[in-house]
Amino acid sequence: MSITVYHFAGWLQVRLATNPDPPDEPRGISGYTFALPGEPDLDRVLRTHDPVAPRSHGPAIGLAVRAVSVDGVDVPGHPLIGAAVVLHDRPMFESVNEVVMAQGFEALEPFDLGLIQGEFRFRRRDYLDPSQPDLTVYTAPPALLAARRTASFALGTQLMQEATGESDPVAFRAARLAQLQADLPLTKDPVLRAGLTRRISELEITDPNDHRTVSMTFIESRTYQLNGPIDLMDPAGWLAALDQFATFAVGISMGSWDADALSAYAVGTISFPTH
Amino acid sequence: MSLASIAAVLAPPPIAPIRTREDLIDALGRAAELEHAIMAQYLYAAFSLDVTAPGLSPADSEAVRGFVISCLHIARQEMEHLGLVSNLLVAVGAPPNFDRPNLPLPPRFYQVELPLALLPFGDEFLTLAERLEAPCDEPPDHPLGPYYASIAEVYERLRAGFVTLGSPDAPTADTLFLGAAAQQLDNAAFGASPGQIWYGITLIRVKDLASALAAIDLIRVQGEGATPTLLATPVMLGVPADTTSHYARVREMRAAWDALPPAARAAALRPVPANPQSYPHGDVDPRAEVCLFTDQRAVALATLGTRAYELMLLLLTRQYGASDATATDLAMYQGIAFFPLMTMVVRPVGEMLVQLPAGDGRHAAAFTFELDGPIRAYRDRVSFHQQLVERFAHLAAGFAELAATPDVPARMTFVAKNVAYLTERIRAYVAANP
Numbered sequence: 038m039s040i041t042v043y044h045f046a047g048w049l050q051v052r053l054a055t056n057p058d059p060p061d062e063p064r065g066i067s068g069y070t071f072a073l074p075g076e077p078d079l080d081r082v083l084r085t086h087d088p089v090a091p092r093s094h095g096p097a098i099g100l101a102v103r104a105v106s107v108d109g110v111d112v113p114g115h116p117l118i119g120a121a122v123v124l125h126d127r128p129m130f131e132s133v134n135e136v137v138m139a140q141g142f143e144a145l146e147p148f149d150l151g152l153i154q155g156e157f158r159f160r161r162r163d164y165l166d167p168s169q170p171d172l173t174v175y176t177a178p179p180a181l182l183a184a185r186r187t188a189s190f191a192l193g194t195q196l197m198q199e200a201t202g203e204s205d206p207v208a209f210r211a212a213r214l215a216q217l218q219a220d221l222p223l224t225k226d227p228v229l230r231a232g233l234t235r236r237i238s239e240l241e242i243t244d245p246n247d248h249r250t251v252s253m254t255f256i257e258s259r260t261y262q263l264n265g266p267i268d269l270m271d272p273a274g275w276l277a278a279l280d281q282f283a284t285f286a287v288g289i290s291m292g293s294w295d296a297d298a299l300s301a302y303a304v305g306t307i308s309f310p311t312h
Numbered sequence: 213m214s215l216a217s218i219a220a221v222l223a224p225p226p227i228a229p230i231r232t233r234e235d236l237i238d239a240l241g242r243a244a245e246l247e248h249a250i251m252a253q254y255l256y257a258a259f260s261l262d263v264t265a266p267g268l269s270p271a272d273s274e275a276v277r278g279f280v281i282s283c284l285h286i287a288r289q290e291m292e293h294l295g296l297v298s299n300l301l302v303a304v305g306a307p308p309n310f311d312r313p314n315l316p317l318p319p320r321f322y323q324v325e326l327p328l329a330l331l332p333f334g335d336e337f338l339t340l341a342e343r344l345e346a347p348c349d350e351p352p353d354h355p356l357g358p359y360y361a362s363i364a365e366v367y368e369r370l371r372a373g374f375v376t377l378g379s380p381d382a383p384t385a386d387t388l389f390l391g392a393a394a395q396q397l398d399n400a401a402f403g404a405s406p407g408q409i410w411y412g413i414t415l416i417r418v419k420d421l422a423s424a425l426a427a428i429d430l431i432r433v434q435g436e437g438a439t440p441t442l443l444a445t446p447v448m449l450g451v452p453a454d455t456t457s458h459y460a461r462v463r464e465m466r467a468a469w470d471a472l473p474p475a476a477r478a479a480a481l482r483p484v485p486a487n488p489q490s491y492p493h494g495d496v497d498p499r500a501e502v503c504l505f506t507d508q509r510a511v512a513l514a515t516l517g518t519r520a521y522e523l524m525l526l527l528l529t530r531q532y533g534a535s536d537a538t539a540t541d542l543a544m545y546q547g548i549a550f551f552p553l554m555t556m557v558v559r560p561v562g563e564m565l566v567q568l569p570a571g572d573g574r575h576a577a578a579f580t581f582e583l584d585g586p587i588r589a590y591r592d593r594v595s596f597h598q599q600l601v602e603r604f605a606h607l608a609a610g611f612a613e614l615a616a617t618p619d620v621p622a623r624m625t626f627v628a629k630n631v632a633y634l635t636e637r638i639r640a641y642v643a644a645n646p
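Residue numbers (our numbering), protein chains in the order written: chain U, 38 to 312; chain F, 213 to 646.
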């Protein structure tokens with residue numbers, strides 16, 4: 038048996054209210070993230086593609102396979118390099134302000150991963166318990182939830198450096214602030230002006246110990262075991278040797294949280310056992 | 213006898229300086245109640261605003277959101293001040309004080325010239341807030357009149373009292389901080405390191421004179437701003453400067469409110485009354501206007517809000533001072549009181565109440581900040597935990613029943629689900645930690 042590992046990376050969008058706002062706060066009030074005038078309500082959905090109301094000067098959203106290796110050996114030119122990595126079914130961070138799990142360690146649920154490249158389609162989900170596919174963070178036994186969904190949390194700038202080329206959150210935010218300040222006098226539309234003004238007022242908070250800044254160095258890592266039925270459309274036979282009876286391990290780390298653009302950078306791996 | 217001399221005889225005496233530990237504890241107890249009431253005032257004003265009102269232009273909507281952000285920011289720092297005063301109380305050997313009378317209270321209730329009242333955002337609220345937060349740049353030892361002009365003077369007297377009793381040459385210096393080692397809260401209670409300021413909150417442990425004065429100066433800088441006299445005091449060097457004091461923020465809100473077109477001001481305000489009550493109280497200012505709810509949904513939800521709020525205060529009380537709480541218990545209390553009880557129950561109740569009618573045909577309901585009885589310190593963990601389970605179970609049943617009632621906000625179901633989940637968490641904790 039061999040293990041084929043797909044290494045992926047890219048930016049995600051998560052339009053969520055931040056503590057101490059409750060998670061169902063639609064516009065953002067007491068946290069540091071906001072739905073701006075003209076934007077739809079916050080919805081907490083983690084989007085790997087097709088961002089909703091993307092903001093000026095924010096990163097391009099898109100998670101994709103960047104490299105493939107087989108048993109540790111790189112496979113340049115693998116046909117799935119560049120494949121879109123998709124999280125289906127509206128995944129959300131589910132701490133519920135510490136009702137269900139601790140902040141920073143909470144579940145990202147559901148975890149239903151897909152790969153798309155041309156006609157190729159792969160999709161498989163990690164169920165908390167495959168025999169009870171309807172379990173949610175509220176209905177799963179707490180011990181099971183903790184064992185299968187607790188994230189690890191660390192502080193560091195490595196993801197930020199990889200994503201932005203910058204390792205200083207204060208400098209990153211200052212550069213964004215300068216961009217928005219330059220845009221403001223050129224922006225005549227009152228809706229856009231109101232939004233820009235809100236973004237600028239948030240970026241003007243420069244305290245390096247403030248949540249807005251420190252959170253750029255948060256790194257949350259999660260592991261999954263894809264254990265649901267496999268949905269595969271593979272006309273060219275790229276996954277012909279896939280062991281469809283095994284579970285598939287996925288690891289994903291997210292960081293470089295850009296609160297102004299409601300975006301985070303993610304890196305990870307998907308491991309496919311093959312015959 | 214001349215009129216002037218008669219007036220002098222009838223005038224109340226000036227507020228005396230603090231000379232003893234009991235003076236200090238009494239003054240700190242009143243400061244805690246003041247902070248608690250002022251926090252409620254800001255929260256109430258925030259709940260009265262509608263950021264998404266259809267009549268607001270994008271720019272006006274952002275201005276209104278700015279008012280809510282500022283009110284909630286100040287309210288959180290009033291909670292911080294209550295926390296700092298609790299640390300000061302514990303440090304000098306007293307229990308914390310999370311109790312207070314119901315609102316409204318008449319002027320001079322706490323020897324402060326001003327009344328305390330739950331007012332919707334607007335001119336009256338801003339005027340009261342501005343006067344309460346007004347700076348005082350007198351030296352710490354200046355004589356007081358019979359009443360405090362603003363909160364700043366309350367803390368001036370407290371500061372002078374700590375200096376009197378805690379200075380190295382004072383006979384009480386060695387024994388003043390009896391409770392220096394007892395349980396207090398600091399930034400770690402919110403998951404932050406000592407240098408990190410999360411949610412605008414900085415909590416300082418009080419263990420000696422320097423930390424006591426730093427706590428008081430922090431309250432003053434955040435409230436009234438960094439006055440020249442305050443900044444000239446030596447311990448201020450250790451206090452993070454706050455350039456956006458409550459006083460400055462209130463004045464900014466006043467200017468922005470005045471700049472809004474009248475139609476936008478009208479659109480931004482929900483029709484909430486002054487001083488709502490779910491039932492009549494005997495401890496409030498009898499001359500003040502109050503609004504008694506008659507809509508049964510409003511009464512039921514306000515009652516649940518009060519129960520959740522009391523529960524939060526009981527959990528906070530257990531976190532201060534000497535008690536039989538284990539380290540695991542303390543972590544559990546912290547893991548319930550701030551997040552999620554404050555943010556997932558109390559706040560949503562406040563936001564849902566304004567969607568219900570008060571029942572008088574004119575007003576919406578609103579969070580009442582009522583307390584049904586004194587907030588006591590429970591000293592026995594087993595007894596407290598049993599009561600915690602019972603209180604949560606009652607809350608869960610109440611929210612479930614209300615969620616099944618016609619014509620209540622849809623969000624009630626979400627709150628009911630979360631309270632039910634929390635109840636089971638508490639039940640499991642208590643069962644596993646006898």
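All C-beta atoms in this analysis are idealised placements derived from N, C-alpha and C, irrespective of residue type, glycine included.
Quantities reported herein were computed from a predicted structural model and do not represent experimental measurements.
Taking 8 Å as the upper bound for CB-CB distance, E292/F and T414/F are in contact here, some 7 Å apart. In the DSSP assignment, W469/F falls within the unbroken alpha helix (DSSP H) covering H458 to A471.
A direct Cα-to-Cα measurement between F551/F and M38/U gives close to 47 Å. Assigned with DSSP and collapsed to three states, G378/F falls in helix. The segment 219–293 of chain U contains, as complete alpha helix (DSSP H) runs of 4+ residues, the segments 227–240 and 248–251 (chain order). Counting along the chain, the unbroken beta strand (DSSP E) around F309/U starts and ends at S300 to T311. Within the same chain, L165 come within 6 Å of A177/U by CB-CB distance, once the 5 residues on both sides are set aside. By the rule that beta-carbons nearer than 8 Å mark a contact, P170/U does not touch chain F.
Contact annotation: N299/F and A244/F have beta-carbon atoms that are not nearer than 8 Å.
Contact check between the segment 93–110 of chain U and the segment 216–230 of chain U: three or more CB pairs, one atom from each, fall below 8 Å, which counts as touching.
Under the Cβ distance rule, P332/F does not count among the residues neighbouring chain U, no pair being separated by less than 8 Å.
Chain-order list of chain F residues neighbouring G75/U: P270, by C-beta distance under 9 Å. For D163/U, the enclosing beta strand (DSSP E) covers residues F157 to D163.
Chain F places no beta carbon closer than 8 Å to that of P222/U, leaving this residue out of the contacts.
Within chain U, the residues whose beta carbon sits less than 8 Å from that of T555/F are N56, P57, D58, P59 and N134, listed in sequence order. Residue ranges of uninterrupted alpha helix (DSSP H) with 4 or more members, entirely inside the segment 344–391 of chain F and ordered along the chain, are 363–378. Between S260/F and L481/F, the C-beta spacing is below 8 Å. Taking a C-beta distance under 8 Å as the contact criterion, E131/U and A144/U qualify as a contact pair.
Straight through space, the alpha carbons of I242/U and D271/U are spaced by roughly 50 Å. Burial is judged here by how many other beta carbons sit within 10 angstroms of a residue's own beta carbon; L390/F has fewer than 16 and is exposed. A residue is called buried when at least 16 other Cβ atoms come within 10 angstroms of its Cβ; F282/U does not meet this threshold and is exposed. Distance between V375/F and P351/F, taken at the CA atoms: about 13 Å. At a cut-off of 8 Å between C-beta atoms, T264/F counts as an interface residue with respect to chain U. Under the three-state reduction of DSSP output, T506/F falls in the coil class, being neither helix nor strand. Contact note: E274/F reaches chain U through P74, A231, T234 and R235, using a C-beta cutoff of 7 Å and chain order. Straight across, the Cα-Cα distance linking R162/U with V105/U is about 21 Å. Sequence-distant Cβ neighbours of L263/U in its own chain, meaning closer than 7 Å and more than five residues away, are L150, R161, R162, D163, T284, F285 and V287. When C-beta distances to chain F are compared with 8 Å, the residues of the segment 203–228 of chain U below that value are P227 and V228, in chain order. The beta carbon of D247/U sits closer than 8 Å to some beta carbon of chain F.
In terms of CA proximity to A277/U, R158/U leads the group Q50/U, R158/U, M129/U and V123/U. Counting only the Cα atoms, S204/U lies some 49 Å from A514/F. Taking all protein chains in view, the Cβ of S457/F is crowded by 16 or more other Cβ atoms within 10 Å, so the residue is classified as buried. With at least 16 other beta carbons inside 10 angstroms of its own, T555/F counts as buried. Between D247/U and I409/F, the CB-CB gap stays under 8 Å. Boundaries of the beta strand (DSSP E) harbouring T41/U: S39 to V51, taken from the DSSP string. Excluding five sequence positions before and after L565/F, the CB atoms of its chain that fall closer than 6 Å to its own CB belong to L513, A577, A578 and F579, given in chain order.
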